[in-house]
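Here the structure comes first, spelled out in structure tokens, and everything after it is commentary.
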Amino acid sequence: MEKQLFTNAQILAWLQYFAEHTPVDLDRVRILDITRKNKNLIPTVESNAAVLVFTEAGHQDIFYRMWDVGLGECTVWYNEGSDPSGPIFSSPLKEMIDRGINASAGMLILNPNARSTYKIGMSNSSFSRGSIDYVGSEIRAVILNKLHIAQDDAVCVISGESIAVEAAILASEGDVIAVEYNQNDRKTMEENIQKFGLNNVHIIDHVDDKTLAGLPVPALAFLVASASMEQELQCLLKLNPRMRFVIYTLDFRTAANLPALFTQMGIGGCEVVQIAVSKLTAKNTFEAQPAPWLISGQA
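So in this note's numbering, the last spot in the sequence shown is 305, and the numbers never skip.
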């Protein structure tokens, strides 16, 4: 069993400490131990009114990163030691951006603007600009709907950077394997991981038995159709013969040929849909976006 920095007894002691010294109701508190692997702080604070965060020393930019994504109006309750005792302090998060974490301890973060649920299909302006031409938010929302991501899923995303980010937020207790063939795209993906505070994303540069060894076995996969797609499908099916797939393509011939390929590979329930989105411009004309085909199936 993985050794934990904070035991159940310590977590209960910190809960008691904050219950006695703050006005928060315990039934509203989400507990998040970021000393354990794959725990995403920023998305959790964004979607919960009260988060009890357990962290080790050394996070020197933790408050700056939260402020940078618009969480400056949160209130942070904390003490100066590593034990749940002694004086308690509270400060607006925006006034703590020059502080770091100097001791392993718990802190309570209250977010008055928390969203109770995560809304899929975030604006493209939310992502790091970098080298990537992101898919439209409306189309991304449909892709995520087709994937059916659960909180503890492992998801493989091939050349779909914004999909990987939103999948990592949705699979908050799971993992995302982001496959980035292009070096510039890998750099942009790393910037997005930093920006969104994601700790459950693993970046690899191609798909084969060696690069996937030691990583969580995916239950779901999203692929942008490419010349290497068939090899990618074969490799992923070898890992998990019951995987669900969603494939994105702008090429009609590829979309038309995929149902036969799915049948050949033992992937059933094939569904092919085309998504068309047009947006009204400042000149009162509609501008059509690329209209991809989405091909989904379950092995």
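All C-beta atoms in this analysis are idealised placements derived from N, C-alpha and C, irrespective of residue type, glycine included.
In this structure, Thr194 lies away from Ser131, with their beta-carbon atoms at least 7 Å apart.
Rounded to whole angstroms, Ile273 and Tyr23 show a C-alpha spacing of 53 Å. Residue environment: Glu144 is assigned as exposed (fewer than 16 neighbouring CB atoms within 10 Å of its CB, all protein chains considered).
Between the beta-carbon of Ile48 and that of Phe202 there is about 6 Å, and that keeps the pair under the 8 Å contact cut. For Met249, there is no enclosing alpha helix (DSSP H), as DSSP gives it neither H nor E.
Per DSSP, reduced to three states, the secondary structure at Ser302 is strand.
One alpha carbon belongs to Ile17, the other to Ile37, and they sit about 9 Å apart.
Judged by beta-carbon spacing, Ile115 lies beyond the 7 Å limit of His65, meaning their Cβ atoms are not closer than that value. The beta carbon of Leu99 lies closer than 8 Å to those of Phe69, Met72, Trp73, Leu77, Gly78, Glu79, Cys80, Thr81, Val82, Ile115 in the same chain, with the five residues before and after it left out.
Val185 sits away from Ile169, with the two beta carbons spaced by 7 Å or more.
When DSSP states are grouped into helix, strand and coil, Cys276 belongs to the strand group. The three-state secondary structure of His212, taken from DSSP, is coil.
Separation of Asp159 and Gly180 (C-alpha to C-alpha, rounded to the nearest whole angstrom) is 5 Å. The C-beta distance from Ile149 to Phe228 rounds to 7 Å, short enough to fall under 8 Å. CA-to-CA, the gap between Leu226 and Ala15 works out to about 36 Å.
Shown here for Ala147: same chain residues with a beta carbon closer than 6 Å to its own, the five before and five after excluded, namely Ile126, Gly127 in chain order.
Taking the Cα positions, Ser53 is about 37 Å away from Lys216.
In the three-state reduction of the DSSP assignment, Thr287 falls in the coil class, being assigned neither a helical nor a strand state. Taking C-alpha positions only, Asp31 is separated from Thr287 by approximately 47 Å.
Under DSSP, the beta-bridge partners assigned to Leu38 are Val59.
Excluding sequence positions up to five before and after Arg121, its CB lies within less than 8 Å of the CB of Glu52, Ser53, all in the same chain and listed in chain order.
In the displayed model, Leu229 falls within a strand according to three-state DSSP. Relative to the Cα of Gln200, the nearest Cα in the group Ala25, Ala282, Val75, Gln157 belongs to Val75. Taking C-beta separations shorter than 7 Å and ignoring five residues to either side along the sequence, the partners of Ile155 in its chain run Val161, Ala173, Leu176, Ala177, Leu226, following chain order. Taking the Cβ atoms as the reference, Asn206 lies roughly 6 Å from Val182, within the contact range of under 8 Å. Here Trp299 is near Gln280, since their CB atoms are less than 7 Å apart.
Short of 7 Å from the beta carbon of Ala297, and not among the five residues preceding or following it, lie these beta carbons of its own chain, in chain order: Gln280, Ile281, Ala282. Taking Gln295 as reference, the option from Ser302, Lys289, Ser284 with the minimal CA-CA separation is Ser284. Following the DSSP letters along the chain, one finds Tyr84 inside the beta strand (DSSP E) bounded by residues 81–84. With 16 or more other Cβ atoms from the protein chains shown falling within 10 Å of its own Cβ, Gly166 counts as buried. Taking 7 Å as the cut-off, the Cβ atoms of Thr41 and Glu62 count as close.
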